[in-house]
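To start, the structure under review is shown below, and the notes come after it.
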Amino acid sequence: MAATFFGEVVKAPCRAGTEDEEEEEEEEGRRETPEDREVRQQLARKREVRLLRRQTKTSLEVSLLEKYPCSKFIIAIGNNAVAFLSSFVMNSGVWEEAGYAKLWNEWCRTADTTHLSSTEAFCGFYHLKSNPSVFLCQCSCYVAEDQQYQWLEKVFGSCPRKNMQITILTCRHVTDYKTLESTGSLPSPFLKALKTQNFKDPACCPLLEQPNIVQDLPAAVLSYCQVWKIPAILYLCYTDVMKLDLITVEAFKPILSTRSLKGLVKNIPQSTEILKKLMTTNEIQSNIYT
Amino acid sequence: MASRYDRAITVFSPDGHLFQVEYAQEAVKKGSTAVGIRGTNIVVLGVEKKSVAKLQDERTVRKICALDDHVCMAFAVLTIFIGLTADARVVINRARVECQSHKLTVEDPVTVEYITRFIATLKQKYTQSNGRRPFGISALIVGFDDDGIPRLYQTDPSGTYHAWKANAIGRSAKTVREFLEKNYTEDAIASDNEAIKLAIKALLEVVQSGGKNIELAIIRRNQPLKMFSAKEVELYVTEIEREKEEAEKKKSKKPV
């Protein structure tokens with residue numbers, strides 16, 4: 004204890020660091036008020052990941068893949084991967100929506116968690132009408148770190164089947180790619196693959212070298228599949244244009260010849276046309292860059 | 708490591724990078740694709756025109772600009788800047804003033820190399836100054852000098868400049884440059900028309916919707932500069948497509 008100039012008594016910091024004092028202080032900090040608890044619960048409710056059915060807007064009772072059997076699951080994360088699946092795969096068959104995920108985090112443009120319009124980032128799940136065990140996920144929203152586990156639980160469940168094959172497609176900026184060469188000389192966009200131990204088929208592109216890592220939702224899905232011994236492969240496209248771009252989307256084309264997408268793509272020239280149309284409707288002229 | 712050395716322009720990183728300058732080069736990649744070709748008697752500049760907003764006046768979105776227009780001799784120095792629009796406007800103004808100032812002082816129009824060096828020096832100053840950021844623009848500068856030799860120069864945000872036979876800057880520049888490396892041959896630039904077609908073909912590699920999104924300008928030796936109208940570009944595009952079809956027919960007819 005020490006007295007200041009004004010006569011108030013303050014607790015002087017003790018450099019000896021007695022353990023008892025520290026424990027006391029910690030407990031005081033940990034003891035949360037009912038308000039803290041309320042705020043924390045409210046935040047948890049706001050950040051909850053919910054899987055809903057489109058027509059009834061009710062939540063699915065069990066996880067998606069527990070409800071529907073699945074032999075093949077293709078997940079597209081990010082707008083370029085989503086555009087690729089939209090033009091090449093979804094236009095080659097009749098797909099039915101099995102549900103959609105609703106979630107909110109700081110990355111969302113709207114603060115309103117109740118009404119997410121269709122033009123906003125979304126996460127939809129579809130299955131092929133002619134073969135309902137083939138699933139597709141289009142995820143163009145950002146799933147935060149604390150929500151990734153919830154997302155996996157709601158989609159895969161706590162005890163997933165092992166006889167399905169997962170394919171994940173996503174993009175990252177080429178400046179994230181760690182290499183001795185300068186990024187200016189890299190042939191972007193280019194494709195790299197990362198697969199789990201149980202995935203036996205060959206990848207259609209070179210594997211991702213160390214020390215590069217995968218992040219966010221693709222990493223969460225891949226880790227989950229590795230732990231549960233599900234064969235899964237991630238195709239990562241490094242590009243220098245993160246917004247919707249024709250050349251980036253076309254960089255995914257080698258995947259069309261792999262077993263993951265075999266039989267799901269019928270008319271490639273038509274798909275290319277649809278892709279071009281998608282690009283022009285989404286193009287916003289920015290006046291900042293000439 | 709990068710995050711500790713990339714905030715101030717005047718700080719080198721331990722491995723010798725000037726990160727702000729490298730980031731400025733990334734800004735250039737956000738602009739449209741532009742291509743420049745030096746022929747035997749012609750220089751060609753082509754650029755992708757991005758779609759403008761509905762209410763925007765298209766005529767105010769001109770990308771190819773003349774830096775100097777010598778009225779009597781019909782020489783001109785044409786340029787295109789890709790990257791931050793506002794930076795481009797500022798540098799073009801300074802370059803135009805320098806062209807006139809040079810003419811007043813020395814009574815001769817600038818050479819293409821002189822004005823390129825001026826622009827490059829200006830850009831370099833901004834990479835070595837405290838409190839200023841580099842210009843986020845690359846430029847392609849073309850023209851003919853007194854000696855009648857065609858020239859094409861390229862500058863980048865670091866302030867370097869080089870002469871090129873053909874080059875591309877902006878989005879997907881690497882793809883276009885690779886195309887040019889494969890297709891820039893003596894035959895390809897033998898005639899003026901062939902050089903123009905090469906420029907259009909190079910742009911069509913990355914431009915999505917064909918001729919109506921290409922702005923093209925040429926200078927022929929001893930002739931004033933010419934800006935192509937959309938119709939004229941379309942004519943060339945149709946010819947290119949026709950040639951492509953014929954080449955494919957010939958390939959398919961060849962006995963296996």
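For the protein sequence lines, the chains are A and B, in the order given. One gets the working numbering by counting positions in the first sequence from 1 and adding 3 to each. One gets the working numbering by counting positions in the second sequence from 1 and adding 707 to each. Even glycine gets a Cβ: it sits at the ideal position worked out from N, Cα and C. All of these numbers come straight from a predicted model, not from anything done at the bench.
Close Cβ partners of residue i (< 7 Å) along its chain, the five nearest in sequence each way excluded
| i | result |
| --- | --- |
| B:GLU953 | none |
| B:SER898 | none |
| A:SER90 | SER274, ILE277, LEU278, LEU281 |
| B:ALA781 | Residue confidence is low: B:ALA781 scores 49 on pLDDT, short of 50, so the model does not pin down where it sits. No coordinate-derived value is stated. |
| B:ALA802 | LEU774, ILE822, PHE825, ILE826 |
| B:VAL778 | Its pLDDT being 47, under 50, B:VAL778 is placed unreliably in this model, and the coordinates cannot settle the point. |
| A:ASN215 | TYR180, LYS181 |
| B:LEU725 | PHE719, THR834 |
CB-CB length for residue i against residue j, believed under 8 Å
| i | j | result |
| --- | --- | --- |
| A:LEU68 | A:SER62 | With 8 Å as the limit, A:LEU68 and A:SER62 do not qualify as a contact, their Cβ atoms being about 15 Å apart. |
| A:LEU237 | A:LEU225 | 5 Å |
| B:ILE744 | B:VAL751 | 5 Å |
| B:GLY877 | B:ILE844 | With a Cβ gap of about 10 Å, B:GLY877 and B:ILE844 do not count as contacting. |
| B:ILE921 | B:LYS756 | 7 Å |
| A:PRO234 | A:THR199 | 6 Å |
| A:TRP131 | A:GLY96 | Trp is not the amino acid found at residue 131 of chain A; the sequence shown has Leu there. Indeed, because the Cβ distance is near 5 Å, the residues count as touching under 8 Å. |
| B:ILE848 | B:VAL819 | 6 Å |
| A:THR242 | A:SER191 | 5 Å |
| B:ALA909 | B:VAL742 | 5 Å |
| A:ASN83 | A:THR251 | 5 Å |
| B:LEU887 | B:ALA875 | 7 Å |
Delimiting residues of the alpha helix (DSSP H) encompassing residue i
| i | result |
| --- | --- |
| A:GLN168 | It is not in any alpha helix (DSSP H) - A:GLN168 instead sits in the beta strand (DSSP E) that spans 168-176. |
| B:PHE825 | 819-832 |
| A:TYR227 | 219-230 |
| B:THR812 | 792-813 |
| B:TYR860 | B:TYR860 -> not in any alpha helix (DSSP H); beta strand (DSSP E) instead, spanning 857-862. |
| B:ASN874 | First-last for B:ASN874: 873-876, but that is the beta strand (DSSP E), not the alpha helix (DSSP H). |
| B:ILE844 | Not the alpha helix (DSSP H): B:ILE844 falls in the beta strand (DSSP E), residues 844-851. |
| A:ARG48 | 37-49 |
| B:LYS904 | 899-911 |
| B:ALA734 | 726-735 |
| A:LEU249 | 249-253 |
| B:ARG884 | 880-890 |
| A:TYR152 | 148-159 |
| A:LEU68 | 67-70 |
Partners in chain B for residue i, counting only beta-carbon separations shorter than 7 Å
| i | result |
| --- | --- |
| A:MET245 | Chain B residues near A:MET245: none, gap ~10 Å exceeds 7 Å. |
Close Cβ partners of residue i (< 6 Å) along its chain, the five nearest in sequence each way excluded
| i | result |
| --- | --- |
| B:TYR868 | THR823, ALA827, TYR860, THR862 |
| A:LEU119 | Residue placement at A:LEU119 is flagged as unreliable, the pLDDT there being 49, under the threshold of 50; the coordinate-derived value follows with that caveat. So the list is empty, once near-sequence residues are dropped. |
| A:TRP110 | TYR145 |
| B:VAL940 | GLY918, ILE921, LEU923 |
| A:SER121 | The pLDDT assigned to A:SER121 is 46, lower than 50, so where the model puts this residue is not dependable; a value taken from the coordinates is nonetheless given after this. The answer is none, since no qualifying residue turns up. |
| A:GLY81 | THR173, CYS174 |
| A:PHE138 | CYS73, PHE76, HIS130 |
Endpoints, the beta strand (DSSP E) within which residue i is located
| i | result |
| --- | --- |
| A:THR242 | 235-242 |
| B:VAL742 | 741-745 |
| A:GLU100 | 98-105 |
| B:ALA924 | 921-927 |
| B:LYS761 | Here B:LYS761 belongs to no beta strand (DSSP E), and DSSP marks it neither H nor E. |
| B:VAL751 | 749-755 |
| A:PHE91 | Per DSSP, A:PHE91 belongs to no beta strand (DSSP E); it is in the alpha helix (DSSP H), 82-91. |
| B:TYR868 | 868-870 |
| A:LEU193 | Per the sequence presented here, residue 193 of chain A reads as Phe, with Leu not at that position. Element bounds for A:PHE193: 193-198. |
| B:VAL944 | Premise fails: B:VAL944 lies in the alpha helix (DSSP H), 937-960, not in any beta strand (DSSP E). |
| A:PHE131 | The displayed chain sequence assigns Leu, not Phe, to residue 131 of chain A. 126-131 is the span of the beta strand (DSSP E), which, as asked, contains A:LEU131. |
| A:VAL137 | 137-142 |
| A:ARG53 | 53-55 |
Partners in chain A for residue i, counting only beta-carbon separations shorter than 9 Å
| i | result |
| --- | --- |
| B:ILE789 | TYR292, THR293 |
| B:LYS770 | THR293 |
| B:GLN727 | Neighbours of B:GLN727 on chain A: none; closest Cβ ~14 Å, over 9 Å. |
Beta-carbon neighbours of residue i, restricted to chain B and to distances below 8 Å
| i | result |
| --- | --- |
| A:PRO190 | LYS881 |
Contacts that residue i makes with chain A (C-beta to C-beta distance below 7 Å)
| i | result |
| --- | --- |
| B:ALA795 | THR293 |
| B:GLY738 | TYR292, THR293 |
| B:ARG878 | VAL244 |
Under 8 Å by beta carbon: chain A residues contacting residue i
| i | result |
| --- | --- |
| B:THR792 | ASN290, ILE291, TYR292, THR293 |
| B:VAL732 | Strictly speaking, residue 732 of chain B in this sequence is Gln, with Val absent from that position. Ordered by position in chain A, the residues that pass the 8 Å Cβ test against B:GLN732 are GLY187. |
Cβ-based neighbour list, residue i, same chain, cut-off 8 Å, excluding 5 preceding and 5 following
| i | result |
| --- | --- |
| B:VAL913 | THR740, GLU755, ARG878, SER879, THR882, VAL883 |
| A:ARG50 | LEU106, TRP107, ASN108, ALA147, ASP149, GLN150 |
For the segment 853-869 of chain B, which residues have a beta carbon sitting closer than 9 Å to at least one beta carbon of chain A?
none
For the segment 202-224 of chain A, enumerate the residues whose C-beta is nearer than 8 Å to any C-beta of chain B, in chain order.
none
Contact set between the segment 164-178 of chain A and chain B, restricted to residues whose Cβ is under 8 Å from the partner:
THR178
So if I threshold CB-CB distances at 7 Å, which residues from the segment 236-264 of chain A count as touching chain D?
Of the chains in the structure shown, none is chain D; the protein chains are A and B.
Compile a chain-ordered list of the residues in the segment 84-111 of chain A whose CB is closer than 7 Å to at least one CB of chain B.
none
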